[in-house]
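The letter at position 112 of the sequence shown is residue 887 when you use this note's numbering, and the numbering goes up by one with no holes.
Some notes on the structure that comes next.
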Amino acid sequence: MSAAQAITDDLRRWIVTQAGAGITAPALVEAMRKSGWHEDVAIDAIEQVLRTHLDDVAKRQGWPGAVPVPEPPIGESPLYVDAGDRQVEVLMALATPRVVLFGDLLAVEECEALMAAARPRLKRSLTVAQQTGDGEINHDRTSDGMFFERGETPLVQRIEERIARLVRWPVRNGEGLQVLRYPPGTEYKPHYDYFDPAQPGTANVLQRGGQRVATLVLYLNNPAKGGGTVFPDVHLEVAPRQGNAVFFSYERPHPSTRSLHGGAPVVEGEKWIATKWLREREFK
Ligand code: PD2
Ligand code: ZN
């Protein structure tokens, strides 16, 4: 019998009540195991009931619903994730906001090649205008940038396939890789990467693949001072180290994800990054 068939209303109420009273997940699994449940099925059932319950609570409070998001396979705390053509280090993970720091995702030569290919095409970065959904100059974002088409070069394609394996999300759901260069004194003030559902321009932007659900910021060089990626809600700052990358996801377009983040001012040297934004569906 599948977990979905076995979840009765009584069981649902029991799980929610127990969890609300502070009973831990392992204790719930143990109680269900004793009453004849297979452990794996019990875990699935508890997860499903609590996820649905939390989503109901969130909706009652006026939050947008949660959607599935990319997630790297790091449940058993591996030292490395097999990303197909590269073993990528897992350096740090945080639950809320969901943040995972990867080491050695890109080789030095790949970083250099991306910067060289991007350099002649750099222009002052735009952000999405909230009223219309078009690109506009924004004084909170003072970098220069460019977009590659998805799969534009063999190098870009290889990196996109590596990222897809790493976070278990289809290549086709990714926006084109964006390369940004921040000269000294420039920054990207704290913001959310999802599109604000309350803004009139958002409906337009969502037509190309739905919401953004995760971001990967890849560090292409080593700025001497400053330029970290900051998460102000949790006072986290990630150092921009060449070849490393910070992944974060947001299961609903809402501040409760605590996914507010920014690029701190570069103090000395330049900072170069590549950003990969991931959508709910195919990005066309
Ligand atoms: O440059 C960064 O560290 C940074 C910070 C916040 C990049 C982005 N957001 C982004 O590209 O969305
Ligand atoms: Zn951002």
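All C-beta atoms in this analysis are idealised placements derived from N, C-alpha and C, irrespective of residue type, glycine included.
What you are looking at is a predicted structure, and each value in this text was computed from that prediction instead of being measured.
TODO: Decide if Lys1046 is buried, meaning its Cβ has at least 16 other Cβ atoms within 10 Å, or exposed.
DONE: buried
Task: heavy atom of the ligand PD2 below 6 Å from Gly1037 C-beta - done: yes
Task: Inter-residue spacing [alpha-carbon to alpha-carbon] between Asp819 and Leu803 - done: 12 Å
Task: Where Ile1048 falls: helix, strand or coil (DSSP) - done: strand
TODO: Note down, in chain order, each residue of its chain lying with its Cβ closer than 6 Å to the Cβ of Arg947, except the 5 sequence neighbours on either side.
DONE: Glu1057
TODO: Please confirm whether Leu955 and Gly920 have their CB atoms less than 7 Å apart.
DONE: yes
Open item on the list: Which residue wins for smallest C-alpha separation from Pro843, given the options Asp831, Phe922, Asp1008 and Val988?
Closed with: Val988
Task: Rounded separation between Arg1054 and Gly949 - CA only - done: 6 Å
Open item on the list: With the cut-off set at 7 Å, would you say Pro839 and His1029 are in Cβ contact?
Closed with: yes
TODO: Answer yes if the stretch 915-935 comes into contact with the stretch 973-989, meaning at least three C-beta pairs across the two stretches below 8 Å, and no otherwise.
DONE: no
- [ ] Look at the Cβ atom of Ser1024, then the Cβ atom of Arg925, and state whether they are nearer than 7 Å.
- [x] no
- [ ] Find out if the Cβ-Cβ distance for the pair Phe877, Ala1020 is shorter than 7 Å.
- [x] yes
TODO: Could you have a look at Thr907 and say whether DSSP puts it in helix, strand or coil?
DONE: coil
Open item on the list: Please state whether the Cβ-Cβ distance between Lys1051 and Leu991 is less than 7 Å.
Closed with: yes
Open item on the list: Here's a check: name, in chain order, each residue in its chain whose Cβ is nearer than 6 Å to the Cβ of Ala778, leaving out the five neighbours to either side.
Closed with: Caution applies to Ala778, whose pLDDT of 44 falls short of 50 and renders its modelled position unreliable; the value that the coordinates give is listed next. Hits under 6 Å: Val816, Asp819 and Ala820.
- [ ] With hydrogens ignored, establish whether the beta-carbon of Asp915 is closer than 6 Å to any heavy atom of the ligand ZN.
- [x] no
Open item on the list: Once DSSP output is grouped into helix, strand and coil, what is the label at Arg1082?
Closed with: With the chain running from 776 to 1059 in the structure shown, residue 1082 is simply not present.
Open item on the list: Taking the alpha helix (DSSP H) that Asp919 belongs to, which residues open and close that run?
Closed with: Note, Asp919: premise wrong, no alpha helix (DSSP H); beta strand (DSSP E) at Asp919 to Phe922.
- [ ] State the CB to CB distance for the pair Val1009 and Leu866, rounded to an integer number of angstroms; the pair is presumed to be in contact (CB under 8 Å).
- [x] Wrong, their Cβ atoms sit about 16 Å apart, outside the cutoff.
Open item on the list: the ligand ZN and Asp968: does the residue's C-beta get closer than 6 Å to at least one heavy atom of that ligand?
Closed with: yes
Open item on the list: Which same chain residues end up closer than 7 Å to Met776 when comparing Cβ atoms and leaving out the 5 residues on each side of it in sequence?
Closed with: Any reading at Met776 needs caution, since the residue's pLDDT is 41, under 50, leaving its predicted position unreliable; the model's value is listed next. There are no such residues.
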